[in-house]
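Quick note, in the working numbering, the sequence shown goes up one by one and the last residue is 1659. In what follows, a structure is listed as structure tokens, so that the remarks can point back to it.
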Amino acid sequence: TMREEFDESTGLSVRSIVEQRDRSLSPQIETESEEYGNRSFIIPVGARLLVENGDQVAPGQVLVKIPRERSKTRDITGGLPRVAELFEARRPKEPAVISEIDGTVSFGGLIRGNRELFVTPEDGEKKKYLVPYGKHLRVQEGDKVEAGERLSEGSVNPHDILRVQGVNKVQEYLVNEIQDVYRLQAVEINDKHIEVIVKQMLQKVRIIDPGDTNFLEGEEVDKIRFNRENDKVLYEGGDPATCQPILLGITRASLRTDSFISAASFQETTRVLTEAAVQGKIDHLRGLKENVIIGRLIPAGTGHYQDGTYENLEPEGNGKAELTEVAAAETGVLGE
């Protein structure tokens, strides 16, 4: 499982771990100590050994190094694909395996090219995870891990963060990851601009149990509509619906808006208009784009209004005089 190679950058001979056809072989380093006990460390494919058999090692000493490819483009254009991946909520090519529960790590055998890894909580059933053979593990036997912590190397799937840790954590993750790309080039963007976009990516929920509402199981609805229907059902004494949040990319979120005029002006115009015609949709013109398209004032500023009935109430008796005296006293006019 080891091969000696010549490193062109340093001019030295190095020993690297190579992948074997026999997947039952697992390269690892074992240390023996009377004080700390015997421990073993699994080595990923491609790692370079820095110690010899029988060497004396100290706590904190580096045993192996894992080479990483250098990024060829270091300007802002090199980071834009990462920004697009985050805004579109795409699943990474080689995502990291994250723990769903708090517990202690233990290793199993190899199954179809994947390594078994178990996380055992203090109370409850243990969870099994499969990590591809040769992938670098970030944990060792007996380590304590928390829910959401990475067990292997790789980019974290934001959908996994949403499922395991909830809405707030995935919002923090997306904002921080996007900001990291821009901070690398000393570009300062206020968090609020990115947070507005992330909020729109999380505006939909999937119905798990419709309860006494008119929703269907598996239907994707807007959060505002979901809360409105639940409040109505609770007021009438019924059972509310339950849901789970879903993360949509900005393209899918734009196409799934309640306004078919706004969606049709973005992408897939024919499909959006056809579905709207078949379903007999009604556009209530609540957003900005749809009002601009048909030539109306936007529902903001002077164009914003609310339907309602108002009644001017005149104060009874000497109410006007009392109000005038209070206002004068506040401005310091009274008594001069």
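Ideal Cβ placement from N, Cα and C applies to all residues, glycine included. Bear in mind that the values here come from a model prediction, so they are computed numbers and not experimental data.
Proximal residues to residue i (C-beta, below 7 Å), its chain only, five neighbours per side dropped
| i | result |
| --- | --- |
| Asp1545 | Gln1526, Lys1527 and Asp1581 |
| Ala1599 | Phe1583 |
| Glu1417 | Gly1477 |
| Asp1535 | Val1556, Gly1561 and Asp1562 |
| Gly1402 | Val1504 and Leu1507 |
| Gly1432 | Glu1439 |
| Val1406 | Ile1501 and Val1504 |
| Ser1588 | Lys1612 and Ile1616 |
| Asp1606 | Ser1582, Phe1583, Ile1584 and Glu1613 |
Residue i burial status per 10 Å Cβ neighbour count (16 or more: buried)
| i | result |
| --- | --- |
| Lys1395 | Since pLDDT at Lys1395 reaches only 46, below the 50 mark, its modelled position is unreliable, and the value read off the structure follows with that caveat. When all chains shown are included, Lys1395 counts as exposed. |
| Gln1567 | exposed |
| Glu1327 | exposed |
| Ala1576 | buried |
| Pro1455 | exposed |
| Ile1484 | buried |
| Ser1475 | buried |
| Pro1533 | buried |
| Gly1471 | buried |
| Gly1436 | exposed |
Nearest-angstrom beta carbon gap, residue j and residue i [assumed within contact, 8 Å]
| i | j | result |
| --- | --- | --- |
| Glu1464 | Phe1430 | 6 Å |
| Ile1421 | Arg1473 | 6 Å |
| Gly1457 | Val1337 | Contact doesn't hold; Cβ gap of about 18 Å is too wide. |
| Ile1389 | Ala1370 | 5 Å |
| Ile1366 | Pro1350 | 5 Å |
| Glu1543 | Arg1529 | 5 Å |
| Glu1423 | Lys1450 | 6 Å |
Same chain only: Cβ atoms within 6 Å of residue i, ignoring 5 sequence neighbours per side
| i | result |
| --- | --- |
| Asn1361 | Glu1355 |
| Ala1586 | Leu1578, Thr1580 and Val1595 |
| Leu1372 | Arg1338 and Val1387 |
| Lys1604 | Phe1583 |
| Ser1363 | Gln1351 and Glu1353 |
| Ile1512 | Tyr1505 |
| Thr1625 | none |
Contacting residues, own chain, Cβ-Cβ under 8 Å from residue i (five flanking each side not counted)
| i | result |
| --- | --- |
| Ile1617 | Ile1584 and Leu1608 |
| Pro1481 | Leu1409, Ala1412, Val1493, Tyr1496, Leu1497 and Leu1570 |
| Asp1287 | Lying outside 1324 to 1659, the shown extent of the chain, residue 1287 is not represented and no answer is given. |
| Asn1537 | Glu1552 |
| Ile1434 | Leu1453 |
| Pro1415 | Glu1408, Gly1477, Ser1478, Val1479 and Asn1480 |
| Val1385 | Leu1373 |
| Val1380 | Thr1354, Val1374 and Leu1386 |
| Gly1655 | With a pLDDT of 46 at Gly1655, under the threshold of 50, the modelled position of this residue cannot be trusted; read the value that follows with caution. If we look at Gly1655 and ignore the five residues flanking it on each side, it has no Cβ neighbours. |
| Gln1590 | Thr1574, Ser1577 and Leu1578 |
Pairwise C-alpha distance: residue j and residue i
| i | j | result |
| --- | --- | --- |
| Arg1397 | Glu1559 | Because the pLDDT at Arg1397 is just 48, under 50, the model does not fix this residue reliably, and the point stays unresolved. |
| Ser1478 | Lys1612 | 35 Å |
| Glu1375 | Val1341 | 17 Å |
| Thr1565 | Phe1549 | 9 Å |
| His1516 | Glu1500 | 14 Å |
| Ile1520 | Leu1570 | 12 Å |
| Tyr1452 | Glu1439 | 6 Å |
| Gly1541 | Ile1531 | 6 Å |
| Thr1592 | Asp1554 | 35 Å |
| Leu1620 | Asn1614 | 6 Å |
| Ala1623 | Gly1610 | 9 Å |
| Lys1522 | Thr1574 | 14 Å |
| Val1601 | His1459 | 51 Å |
| Pro1404 | Gly1572 | 14 Å |
| Met1524 | Leu1539 | 22 Å |
| Pro1357 | Gly1377 | Here residue 1357 is Glu; the residue named in the question, Pro, does not match the sequence. Using only the alpha carbons, I get a separation of about 15 Å. |
| Ile1547 | Tyr1359 | 56 Å |
Proximity test, residue i beta-carbon vs the ligand FMN heavy atom, cut-off 6 Å
| i | result |
| --- | --- |
| Gln1488 | As presented, the structure is devoid of all ligands, the ligand FMN included, so that no description of it is given. |
Evaluate contact between the region 1480–1493 and the region 1450–1467, counting only Cβ atoms and requiring at least three cross-stretch pairs below 8 Å.
-> no
At least 3 beta-carbon pairs within less than 8 Å: the region 1417–1430 vs the region 1443–1460 | yes
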